[in-house]
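Since the structure comes first, as structure tokens, the remarks are kept for the end.
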Amino acid sequence: MSPDNVDPRGGRDPGTGAGLFRMHPDGTASRGSRILGIVVLLASAAFLFVALVASPPDDQSENAMGDLVRIMYLHVPAAVACYLAFFVTAVGSIGYLRKRTEGWDLLAAASAEVGVVFTALTLVTGSIWGHIAWGSWWEWDARLTSTLVMFLVYIGYLALRSAILDPVVRAKRAAIVGVVAFVNVPIVHYSVDWWRSLHQGPTISRFDPTIDGLKLFALMFGMLLGIAVYVWLMIHRFRMQYAAAHLEARGLDLALAERRAEASGASATAQAAATAAGSEPVGASTVEKEVLR
Amino acid sequence: MPDPAIPAEGTVAAVLADARLVAAKDLRLEWRSRVVLSQLVPFAILVLVLFGFALDPDRTALQKATPGLFWLAVLFSTVLALQRAFAVEATDGVTDALRMSGLDPAGIFLGKAAGLAVHLGVLEVVLLAGVSLFYGATPHGPLLLVATCVAATVGLAAVGSVYGILSAAMRVRDSLLPLLLLPIVAPVLIAASQAFTAAYEQTSGAGWRWFGLLAVFASLYAAIGIFAFEQLLEES
Chain A
1 MSPDNVDPRG GRDPGTGAGL FRMHPDGTAS RGSRILGIVV LLASAAFLFV
51 ALVASPPDDQ SENAMGDLVR IMYLHVPAAV ACYLAFFVTA VGSIGYLRKR
101 TEGWDLLAAA SAEVGVVFTA LTLVTGSIWG HIAWGSWWEW DARLTSTLVM
151 FLVYIGYLAL RSAILDPVVR AKRAAIVGVV AFVNVPIVHY SVDWWRSLHQ
201 GPTISRFDPT IDGLKLFALM FGMLLGIAVY VWLMIHRFRM QYAAAHLEAR
251 GLDLALAERR AEASGASATA QAAATAAGSE PVGASTVEKE VLR
Chain B
294 MPDPAIPAEG TVAAVLADAR LVAAKDLRLE WRSRVVLSQL VPFAILVLVL
344 FGFALDPDRT ALQKATPGLF WLAVLFSTVL ALQRAFAVEA TDGVTDALRM
394 SGLDPAGIFL GKAAGLAVHL GVLEVVLLAG VSLFYGATPH GPLLLVATCV
444 AATVGLAAVG SVYGILSAAM RVRDSLLPLL LLPIVAPVLI AASQAFTAAY
494 EQTSGAGWRW FGLLAVFASL YAAIGIFAFE QLLEES
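Protein sequences appear in the order of chains A and B.
Quick note: the numbering used here has the first sequence finishing at residue 293, numbered continuously throughout.
Quick note: the numbering used here has the second sequence finishing at residue 529, numbered continuously throughout.
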């Protein structure tokens, strides 16, 4: 324990931002995630070149989409990533129900957050495509509709998480909802599919261009990149949640110690706070003081 | 917790006995308070009347929309019935009492779901009378109509009970429960409305496929509830 830890403020000047930076000496990054981040960044530049410049427009298939086909290189990877993310949420939920350890719960939570972002991206790109191909921002297309329902289900999942303060209760309930939400995905998909097939008007053009050569490469590249971006974001959200959970727990410990000290006499306050801080691992104590201040 | 020494059939029987106890308790509670009868049934009728205002008194439009409007009214009422059914468990530490009562969690789930299903069943009978009175809709396939009501009600009661206990003790449950529940039951709304359309338009052949979907939904969520209720009851 450094002498810094004895002072509840960690010896920092509360007026400057310096303390804020010291709060996260390593941020949420590690060596591995930094390398992944750099690779993703470089690959994104290469991907944009392939998808927007190098690959040819779609002019061979029956209802040729021309340059419009390029939105698919973003839309399909986003859709793949969101399904992967919700699958990981379900795995994390089941893992939590079996093992009851914090890590599984945080995995489910982090993955759902990133999944919701990718679902939003899928919906927006799908809608833009529909605006050009169908002439309207929204059609009750089976895939678009079931994706929207899935989006709302996982918004609910995140709302449930943010509404429960007790981490154990939150983890357990969220795990049940995480499983139910994933089970629900195929049910919604099939019911919407049947529903649409009943009222199918004139055939609307879908995402079915001729995919070969550089176009196929762009699509595959995009999917791999989408998964890599998902993994990178998920790692950071996971670490963020982990730090937040521990910050909360330690802040509570310190506050309890302070209240106890108040009860036993004002003169002992500083000493008790120091004891509480001293009993914690290095690094964490500076964080919680920042919050309590 | 069931005693491990009790044989498998005994356990199933014990679960069903527990379910009967819980369902009887809920129905007795309703019989004495008459909250569903005096508030929920009038609410459902009110929703039918409001749909009429929204869609013109033109009966052809209302008749065409009858299946969807009927099931929308059921869904809204389900949310209210659920809040009522689990509010009585949330106050005065009843959840703790229930947990320590020694009743099998699966039994408690089945009991709550059965109680809810009976309430919803009564509501649907009133609503069916309401749509034929207000919208002039007359069903042609009574068997499909009844089967759809049963399957959809079991599904709604099962998934509703899972989400009901989940949000029972929460301060934000009034706004959170509809957000969690309604997207999950979207397939019920689609399938039940389509089956009803078939029943009202005398093309019941196509409707049985939708009934199948409802039955799958109901059994799936009943199974989830039976296995998950212990976890949900553990800590609330």
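Ideal Cβ placement from N, Cα and C applies to all residues, glycine included.
Small disclaimer: the values here were computed from a predicted structure and weren't measured.
Open item on the list: Can you tell me whether A:ASP58 is helix, strand or coil according to DSSP?
Closed with: In the structure shown, A:ASP58 sits in a strand (DSSP, three-state: E or B).
TODO: With distances taken Cα to Cα, identify the nearest neighbour of B:ALA322 among B:GLY453, B:GLY408 and B:PHE510.
DONE: With the sequence shown as reference, residue 322 of chain B is identified as Leu, and Ala is not the correct amino acid for it. Taking only the C-alpha atoms, the option nearest B:LEU322 is B:GLY408.
Task: Selection from B:ASP385, B:PRO335, B:VAL387 and B:THR441 that minimises the alpha carbon distance to B:PHE504 - done: Looking only at B:ASP385, B:PRO335, B:VAL387 and B:THR441, the smallest Cα-Cα distance to B:PHE504 is reached by B:THR441.
Open item on the list: Could you check whether the region 241-253 of chain A touches the region 50-61 of chain A, counting it as contact only if at least three pairs of C-beta atoms, one from each stretch, sit closer than 8 Å?
Closed with: Here the region 241-253 of chain A makes no contact with the region 50-61 of chain A; the two share fewer than three CB pairs at distances below 8 Å.
Task: Presumed contact (8 Å Cβ cut-off) between B:GLY500 and B:LEU437, rounded CB distance - done: That pair is a contact at about 5 Å.
Open item on the list: By the DSSP assignment, the alpha helix (DSSP H) with B:HIS433 in it spans what residues?
Closed with: No alpha helix (DSSP H) holds B:HIS433; DSSP gives it neither H nor E.
Open item on the list: At the level of alpha carbons, what is the spacing between A:SER93 and A:TRP129?
Closed with: So the alpha carbons of these two residues sit roughly 34 Å apart.
Open item on the list: Tell me the residue span of the alpha helix (DSSP H) that contains B:PRO350.
Closed with: No alpha helix (DSSP H) contains B:PRO350, which DSSP labels as neither H nor E.
Task: 7 Å Cβ cutoff, B:VAL478 in contact with chain A - done: For B:VAL478, the closest Cβ of chain A is not nearer than 7 Å.
TODO: Provide the residue(s) that pair with A:GLY115 in DSSP beta bridges, ordered along the chain.
DONE: Within the DSSP secondary-structure output, A:GLY115 pairs in no beta bridge.
Open item on the list: Taking 7 Å as the threshold (beta carbon to beta carbon), is B:VAL465 in contact with chain A?
Closed with: Cβ-Cβ to chain A under 7 Å: yes for B:VAL465.
Task: Residue-chain proximity (B:ALA484, chain A), Cβ-Cβ < 7 Å - done: Chain A, which has a Cβ nearer than 7 Å to the Cβ of B:ALA484, makes this yes.
Open item on the list: One question on the structure: do B:LEU459 and A:ARG173 come within less than 7 Å of each other, judged by their Cβ atoms?
Closed with: Cβ distance < 7 Å, so B:LEU459 and A:ARG173 count as in contact.
Open item on the list: Are the CB atoms of A:SER191 and B:PRO480 within a distance shorter than 7 Å?
Closed with: With contacts defined as CB atoms closer than 7 Å, B:PRO480 and A:SER191 qualify as a contacting pair.
TODO: Could you pull out every residue in the same chain whose Cβ sits closer than 6 Å to the Cβ of B:THR490, ignoring the five residues on either side in sequence?
DONE: Around B:THR490: PRO360.
- [ ] With a threshold of 16 other CB atoms inside 10 Å of the CB of B:LEU339, please say whether the residue is buried or exposed.
- [x] Counting Cβ neighbours within 10 Å, B:LEU339 comes out exposed, since fewer than 16 surround it.
TODO: Leaving out five residues on either side along the sequence, give the residues of the same chain with a beta carbon under 7 Å from the beta carbon of A:ALA142.
DONE: Result list for A:ALA142: VAL192, ASP193 and ARG196, in chain order.
TODO: With DSSP collapsed to three states, give me the class of A:GLY66.
DONE: The answer is strand: DSSP assigns A:GLY66 an E or B state.
Task: Simplified DSSP assignment, three categories, for A:GLY225 - done: Before going further, note that residue 225 of chain A is Leu rather than Gly in the sequence given. Residue state, collapsed to three classes: helix.
Open item on the list: Between A:LEU152 and chain B, is the shortest Cβ-Cβ distance under 7 Å, so that the two count as touching?
Closed with: Closer than 7 Å to the CB of A:LEU152 there is at least one CB belonging to chain B.
TODO: Consult DSSP for A:TRP137 and reduce its assignment to one of helix, strand or coil.
DONE: In this structure, A:TRP137 counts as coil in the three-state DSSP scheme.
Open item on the list: Can you find the residues in the same chain that come closer than 7 Å, C-beta to C-beta, to B:GLY448, ignoring five residues on each side of it along the sequence?
Closed with: Cβ neighbours of B:GLY448 beyond the five flanking positions: VAL481, LEU507, PHE510, ALA511 and TYR514.
Open item on the list: Please return the same chain residues whose Cβ sits closer than 7 Å to the Cβ of A:VAL183, not counting the five positions on each side in sequence.
Closed with: If you ignore the 5 residues before and after A:VAL183, its C-beta comes within less than 7 Å of no other C-beta in its own chain.
Task: Unbroken alpha helix (DSSP H) run spanning A:LYS35, endpoints - done: Checking the sequence, you will find Ile at residue 35 of chain A rather than Lys. 31-49 is the extent of the alpha helix (DSSP H) around A:ILE35.
Task: Distance between B:ALA374 and B:LEU396 (C-alpha atoms, nearest Å) - done: When rounded, the distance between both Cα atoms is 23 Å.
Task: Cutoff 6 Å; reference A:LEU68; Cβ partners in own chain excluding five residues on either side - done: So the list reads ILE132, once near-sequence residues are dropped.
Open item on the list: Let me see if you follow: with CB-CB separation under 7 Å, is A:GLY92 close to chain B or not?
Closed with: Not flagged as an interface residue toward chain B: A:GLY92, since no C-beta distance is shorter than 7 Å.
Open item on the list: Please state the DSSP three-state secondary structure of A:MET240.
Closed with: Three-state result, A:MET240: helix.
Open item on the list: Shorter than 6 Å, the distance from the beta carbon of A:TYR230 to the closest heavy atom of the ligand ADP, or not?
Closed with: Absence of the ligand ADP is noted for the structure shown, with no ligands found whatsoever.
Task: Simplified DSSP state of B:GLU494, which is helix, strand or coil - done: In the structure shown, B:GLU494 adopts coil according to DSSP, grouped into three states.
Task: CA-to-CA distance, A:GLY115 to B:ALA462, given in whole angstroms - done: When rounded, the distance between both Cα atoms is 28 Å.
Task: Contact list for the region 180-199 of chain A against chain B, Cβ threshold 8 Å - done: The residues in question are VAL180, ALA181, VAL183, ASN184, ILE187, VAL188, TYR190, SER191, VAL192, TRP194, TRP195 and LEU198.
Open item on the list: Counting only Cβ pairs nearer than 9 Å, list the residues of chain A close to B:ILE517.
Closed with: Residues of chain A with a Cβ closer than 9 Å to the Cβ of B:ILE517 are, in chain order, ILE176, VAL179, VAL180 and VAL183.
- [ ] Quick one: using the 10 Å Cβ neighbour count with 16 as the cut-off for buried, is A:ILE38 buried or exposed?
- [x] With fewer than 16 other Cβ atoms within 10 Å, it is exposed.
Open item on the list: Could you compute how far the alpha carbon of B:GLY305 sits from the alpha carbon of A:ALA175?
Closed with: Checking the displayed sequence, the identity of residue 305 of chain B turns out to be Val instead of Gly. Between B:VAL305 and A:ALA175, the C-alpha separation is close to 27 Å.
TODO: Can you pull the chain A residues whose beta carbon is under 8 Å from the beta carbon of B:PHE510, in chain order?
DONE: Here the neighbours are ILE187.
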